Amino acid sequence: MATESADIDLITIITSSAFVAALVNVAWNALSKWLDRQREAKKEELKVAHVYHAVILHLETYAYKANGQLYDISVAMDRYRGLRDDKAFDRVRTERFKFEPDPDWTVLPISFVDRMKTFVIQSDQCDGWIRAQFDLWAGIDEAFELEEQRIAWYALRACTLASELRLQIEVDCASMEDIIKHFQFIIDRCWDHYKANNGTTNLVPELRAHFASTSALRG
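Numbering (our numbering), first residue to last: 11 to 229.
So, in structure tokens, the structure goes:
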């Protein structure tokens with residue numbers, strides 16, 4: 011009887027040890043897979059953050075260039091109207107916004123990609139609209155006034171988008187306060203002209219819609 015009992019205890023110990031070992035093995039495998047998934051998720055998160063950062067730099071670079079372009083237009087406008095320099099605007103170069111090189115859009119949410127590409131399309135459409143006005147009725151100085159509005163409007167939007175993205179990926183915001191004030195100054199000046207002339211001021215469609223909406227809200 012003692013021998014039989016000892017055999018049973020030994021079997022129980024062996025089977026219990028095997029069971030525990032199997033559980034440990036299963037648990038370790040599960041933990042290893044979870045850790046692997048966590049590492050992959052962090053790598054993907056870092057990759058996405060880098061793409062967002064590339065988008066931010068595109069937007070901010072555009073804003074800085076836009077600020078310089080606005081000063082160039084202002085100087086040319088003074089020369090054209092004050093000194094009657096017919097070639098004043100020959101030295102002005104304005105750039106259309108574009109992502110170059112293109113970020114890896116495939117890793118970003120489709121809603122965000124749509125927002126960015128719509129931003130580019132709208133800016134291009136406004137540029138095309140201004141060129142059409144120049145062909146139809148606008149003098150070169152009037153066309154550049156419209157261009158000044160377009161640049162200020164879209165550059166201000168670019169700054170806003172860049173700031174939102176910096177907060178999203180937790181990267182310190184760049185110091186863009188001065189150029190934001192410059193863009194806002196131009197838009198505010200247009201708003202003053204809009205009010206003083208009962209809405210008959212020449213404006214790009216974006217500003218006209220914005221001012222009409224603002225007027226409606228203010229009653």
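Glycine included, C-beta positions come from ideal geometry on N, C-alpha and C. Model, not experiment: these values are computed from the prediction.
Item                                                                                                                              : Value
Inter-residue spacing [alpha-carbon to alpha-carbon] between Q79 and T104                                                         : 6 angstroms
Beta carbon of L217 nearer than 8 angstroms to that of C200                                                                       : yes
Distance, S173 Cα to C183 Cα                                                                                                      : 6 angstroms
Three-state secondary structure assigned by DSSP to A184                                                                          : coil
Limits of the unbroken alpha helix (DSSP H) element including R106                                                                : Element bounds for R106: n/a, residue is neither H nor E.
C-beta contact flag for T196 and E158 at 8 angstroms                                                                              : The displayed chain sequence assigns Ile, not Thr, to residue 196. A contact, by the Cβ cut-off of 8 angstroms.
Beta-carbon contacts of E70 that lie in its chain and below 8 angstroms, excluding the five residues immediately before and after : A168, C169, A172, A184 and M186
Nearest residue (CA-CA) to R125, options A59, V65, A86 and N208                                                                   : V65
N77 classed as buried or exposed, judged by whether at least 16 other C-beta atoms fall within 10 angstroms                       : buried
Backbone CA spacing between T116 and F122 [nearest angstrom]                                                                      : 11 angstroms
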